[in-house]
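Engineer:
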Amino acid sequence: MTFIIGLVWGNGILIASDSRSTSGVIATEERKLHLIFRVLNSTEYDLAVVGGSGSASLVKQSYSLIDSILGGFIKREQRLPNSAEFDTLIDEVQDILAKRFYNLRSSGVESDVSLILGAITAECEPKLYVFDSTGVYEPRHESPGYAMIGIGKDTGGYLLLNLVGFSKEKAGKWDLGLLTTFLIDAISKVNPYVSPLTSEMDSIYLRCEGNKPVMGPLTPKAFLKYKESVNKRIEIFRIIWEVAEEVGEDRLIKALKRLNKNRNATQLKDG
Numbered sequence: 004m005t006f007i008i009g010l011v012w013g014n015g016i017l018i019a020s021d022s023r024s025t026s027g028v029i030a031t032e033e034r035k036l037h038l039i040f041r042v043l044n045s046t047e048y049d050l051a052v053v054g055g056s057g058s059a060s061l062v063k064q065s066y067s068l069i070d071s072i073l074g075g076f077i078k079r080e081q082r083l084p085n086s087a088e089f090d091t092l093i094d095e096v097q098d099i100l101a102k103r104f105y106n107l108r109s110s111g112v113e114s115d116v117s118l119i120l121g122a123i124t125a126e127c128e129p130k131l132y133v134f135d136s137t138g139v140y141e142p143r144h145e146s147p148g149y150a151m152i153g154i155g156k157d158t159g160g161y162l163l164l165n166l167v168g169f170s171k172e173k174a175g176k177w178d179l180g181l182l183t184t185f186l187i188d189a190i191s192k193v194n195p196y197v198s199p200l201t202s203e204m205d206s207i208y209l210r211c212e213g214n215k216p217v218m219g220p221l222t223p224k225a226f227l228k229y230k231e232s233v234n235k236r237i238e239i240f241r242i243i244w245e246v247a248e249e250v251g252e253d254r255l256i257k258a259l260k261r262l263n264k265n266r267n268a269t270q271l272k273d274g
């Protein structure tokens, strides 16, 4: 089982995953994100990150297929695809996956797999897609600006995003590295099939720097900072609930609004 979330963050894509893999009663830790890039003449071309949930064999086969199609373009053209070319490549991925999964189902093999793919085109345009068990994709970069796959999305992912009031409009103001770490760690507390974020390699940020797409994991320092902040955010939720029980929701809301008003006034004064 697994939980993977992808979000459009500024001019980039952030994809984070838990690392727990289960087979029967046995659980192991493994990296679930596959990076798609090519190094040609000492130049690295970073294009996409893909993650998968479901049958391990089908997920890995899908990684190889997507890597060969997207990476094949880089090797053939000696550059990254533009937006129109990338759309064509995604259609090609869909056609092959749909045929492959259809043939498996026709043979009595259930295509238990879902995929999430984030990419940056040559124009630095972020792209985010999910592929279902039929191989058909859904674009998620324009609306709603995020995507989730795996068991965790149904046992807390959407609930927590709704609870904190996340929207695409807030994505540019919030620290999405912290948000994704919070989601994974919080879900892991109630779902034994989802592990907390255990390594900076489980969170990959694909973005543009100087009009060039680059990707990489969290730094160890940022990873440790996020883990500490997540524990504090969870503590804040618990304290707010306790205070509401003691003084009531109305008094607590008024106090929080005063705090927010004072914060805004201080920011205006400092500015």
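Residues in the sequence shown are numbered from 4 upward in steps of one, following my numbering.
Glycine included, every Cβ here is placed at the ideal spot set by N, Cα and C.
#1: Whose C-alpha, out of Glu172, Asn44, Gly180, is nearest the C-alpha of Ile16?
#2: Within 10 angstroms of its Cβ, does Val11 collect 16 or more other Cβ (buried), or is it exposed?
#3: Which value, in whole angstroms, describes the spacing of the CA atoms of Gln81 and Leu100?
#4: Pick from Val133, Thr137, Ser56, Leu118: whose alpha carbon is nearest that of Val112?
#5: With a Cβ-Cβ cutoff of 9 Å, do Leu166 and Ile190 count as a contact?
#6: Val42 and Ile72 look like a contact to me (Cβ under 8 Å); what is the Cβ gap, rounded to whole Å?
#7: From which residue to which residue does the beta strand (DSSP E) around Ser117 run?
#8: So what does Trp12 bridge to, in DSSP terms?
#9: Determine the DSSP secondary structure at Gly75, reduced to helix, strand or coil.
#10: Hey, how far is the Cα of Val133 from the Cα of Asn267?
#11: Apart from the five residues just before and just after Glu238, which ones in its own chain have a Cβ nearer than 8 Å to its Cβ?
#12: Can you tell which of Val53, Asp205, Asp135 has its C-alpha closest to the C-alpha of Thr183?
#13: If you check the beta carbons only, do Gly57 and Ser117 fall under 9 Å apart?
#14: What does a CB cutoff of less than 8 Å around Lys260 pick up in its chain, not counting 5 residues either side in sequence?
#15: Using the Cα positions of Thr5 and Asp21, report the straight-line distance between them to the nearest angstrom.
#16: In the structure shown, what three-state DSSP assignment does Arg254 receive?
#17: Using three-state DSSP, classify Phe134 as helix, strand or coil.
#18: Rounded to whole angstroms, what is the Cα-Cα separation between Ile29 and Ser198?
#19: In terms of alpha-carbon separation, which member of Tyr208, Asn194, Thr91, Gln64 lies closest to Arg160?
#20: Kindly indicate which three-state DSSP category Leu186 falls into: helix, strand or coil?
#21: Looking at Leu186: is its Cβ nearer than 9 Å to the Cβ of Ile8?
#22: Write down every uninterrupted run of the beta strand (DSSP E) in the segment 140-219 whose length is 3 residues or greater and which is fully enclosed by it, in chain order.
#23: Using C-beta distances below 7 Å, list every residue in its chain close to Val139, excluding the 5 sequence neighbours before and after it, in chain order.
#24: For Ser65, which residues of its own chain have a beta-carbon under 7 Å away from its beta-carbon, when the five flanking residues on both sides are left out?
#25: Following the continuous beta strand (DSSP E) through Leu92, name the residue where it begins and the one where it ends.
#26: With DSSP as the reference, please indicate the residues paired to Thr46 in a beta bridge.
#27: State the DSSP-derived secondary structure class of Val112, mapped to helix, strand or coil.
#28: Should Leu227 be labelled buried (16 or more other beta-carbon atoms within 10 Å of its own) or exposed?
#29: Considering only the beta carbon of each residue, do Met218 and Leu38 sit closer than 9 Å?
Structural biologist: Based on what the coordinates show:
#1: Locating residue 16 in the sequence shown gives position 13, counting from the first residue. Out of Glu172, Asn44, Gly180, Gly180 has the C-alpha closest to the C-alpha of Ile16.
#2: Here the question's residue 11 lines up with position 8 in the sequence shown. Val11 sits buried, since 16 or more C-beta atoms from the chains shown fall within 10 Å of its C-beta.
#3: Residue mapping note: residue 81 aligns to position 78 of the sequence shown, counting from 1. Residue mapping note: residue 100 aligns to position 97 of the sequence shown, counting from 1. Their Cα atoms are separated by approximately 25 Å.
#4: Position 109 of the sequence shown, counted from the start, is the residue given in the question as residue 112. Closest by alpha carbon: Thr137.
#5: What you label residue 166 is simply residue 163 of the sequence shown in a count that begins at 1. What you label residue 190 is simply residue 187 of the sequence shown in a count that begins at 1. Their beta carbons are not under 9 Å apart, which means Leu166 does not touch Ile190 by this criterion.
#6: In the sequence shown, residue 42 corresponds to position 39, counting from 1. In the sequence shown, residue 72 corresponds to position 69, counting from 1. With a Cβ gap of about 18 Å, Val42 and Ile72 do not count as contacting.
#7: On the sequence shown, residue 117 is found 114 positions in, with the first residue counted as 1. For Ser117, the enclosing beta strand (DSSP E) has its first and last residue at 116-123.
#8: Along the sequence shown, one-based indexing puts residue 12 at 9. By DSSP's assignment, Trp12 forms a beta bridge with Gly15.
#9: For the purposes of this step, residue 75 is taken as the residue at position 72 of the sequence shown. For Gly75, the three-state secondary structure derived from DSSP is helix.
#10: As a first step, residue 133 must be located in the sequence shown, where it is residue number 130. As a first step, residue 267 must be located in the sequence shown, where it is residue number 264. Straight-line Cα distance between these residues: approximately 38 Å.
#11: One-based indexing of the sequence shown puts residue 238 at position 235. For Glu238, same chain residues with a beta-carbon under 8 Å away, outside a window of 5 residues either side, do not exist.
#12: Mapped onto the sequence shown, residue 183 falls at position 180. Cα-wise, what sits closest to Thr183 is Asp205.
#13: Within the sequence shown, residue 57 is the residue found at index 54, counting from 1. Within the sequence shown, residue 117 is the residue found at index 114, counting from 1. Gly57 is a Cβ neighbour of Ser117, given a cutoff of 9 Å.
#14: Translated into the one-based positions of the sequence shown, residue 260 becomes position 257. Only residues of its own chain outside the window of five on either side were considered, and among them none has a CB closer than 8 Å to the CB of Lys260.
#15: For the purposes of this step, residue 5 is taken as residue 2 along the sequence shown, with counting starting at 1. For the purposes of this step, residue 21 is taken as residue 18 along the sequence shown, with counting starting at 1. Using only the alpha carbons, I get a separation of about 6 Å.
#16: Position 251 of the sequence shown, counted from the first residue, corresponds to residue 254. Looking at Arg254 - three-state DSSP - the assignment turns out to be helix.
#17: Locating residue 134 in the sequence shown gives position 131, where the first residue counts as 1. It is a strand residue.
#18: Mapped onto the sequence shown, residue 29 falls at position 26. Mapped onto the sequence shown, residue 198 falls at position 195. With a pLDDT of only 48 at Ile29, under the threshold of 50, the placement of this residue in the model should not be trusted, and no figure is reported.
#19: Your numbering for residue 160 matches position 157 in the sequence shown. Looking at the sequence provided, one finds Gly at residue 160 rather than Arg. Check the Cα spacing between Gly160 and each of Tyr208, Asn194, Thr91, Gln64: the tightest is with Asn194.
#20: Within the sequence shown, numbered from 1, the residue matching residue 186 stands at position 183. Three-state result, Leu186: helix.
#21: Within the sequence shown, numbered from 1, the residue matching residue 186 stands at position 183. Within the sequence shown, numbered from 1, the residue matching residue 8 stands at position 5. For the pair Leu186 and Ile8, the CB atoms are nearer than the 9 Å cut-off.
#22: Taking only runs of at least 3 residues, the beta strand (DSSP E) segments lying wholly in the segment 140-219 are 140-142, 149-153, 206-212.
#23: Position 136 of the sequence shown, counting from 1, holds the residue named residue 139. Hits under 7 Å: Gln97, Ala101.
#24: Taking the sequence shown and counting its residues from 1, one reaches residue 65 at position 62. Shown here for Ser65: same chain residues with a beta carbon closer than 7 Å to its own, the five before and five after excluded, namely Gly55, Leu100, Val116, Leu118 in chain order.
#25: Residue 92 sits at position 89 when you count from the first residue of the sequence shown. It is not in any beta strand (DSSP E) - Leu92 instead sits in the alpha helix (DSSP H) that spans 86-109.
#26: Here residue 46 refers to the residue found at position 43 when the sequence shown is read from its first residue. When beta bridges are read from the DSSP output, Thr46 appears opposite Leu43.
#27: Position 109 of the sequence shown, counting from 1, holds the residue named residue 112. Secondary structure at Val112: coil, using DSSP grouped into helix, strand and coil.
#28: Counted from its first residue, the sequence shown places residue 227 at position 224. That one is exposed.
#29: For the purposes of this step, residue 218 is identified with residue 215 of the sequence shown, where counting begins at 1. For the purposes of this step, residue 38 is identified with residue 35 of the sequence shown, where counting begins at 1. Going by beta carbons, Met218 and Leu38 fall inside the 9 Å limit.
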